[in-house]
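Quick note, the sequence shown lines up with residues 0 to 75 if you use numbering that gives the first Met the number 0.
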Amino acid sequence: MAARKPAGIHLDGVATVRFIVGADGALIAVELAGSSGNAALDRLALRTVRNAAPFPTPPMGVESEQLVFTIPFSFH
0 MAARKPAGIH LDGVATVRFI VGADGALIAV ELAGSSGNAA LDRLALRTVR
50 NAAPFPTPPM GVESEQLVFT IPFSFH
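Here it is as structure tokens:
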């Protein structure tokens, strides 16, 4: 599911989100690692990660109890 900016709003920016996923695919934590400079875009990036949870379980062979991801969300 892709989150979209409301129609008619033309804002640009990159929000960087850091999140932790547990071995069962559950979202453990999510935080803004770098602001886009716009609070609405920052909230949208955080909401996108929250709405994507739960995530698939990691593949066999991944032995970490938690996986940490840092993802840039680019808005144009």
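Cβ coordinates follow ideal geometry from the N, Cα and C atoms, glycine included.
- Here Pro55 is not near Leu66, since their CB atoms are 9 Å or more apart.
- Contact check for Val20 against Ala44 fails: the beta carbons are separated by 9 Å or more.
- Ranked by Cα distance from Phe72, the first of Gly24, Leu40, Val29 is Leu40.
- For Val48, no beta strand (DSSP E) run applies; the uninterrupted alpha helix (DSSP H) run containing it begins and ends at 38-51, by DSSP.
- Under DSSP, Thr56 forms no beta bridge with any residue.
- By the beta-carbon neighbour count (other beta carbons within 10 angstroms, threshold 16), Ala38 is exposed.
- Judged by DSSP secondary structure, Leu10 falls outside any beta strand (DSSP E); it is assigned neither H nor E.
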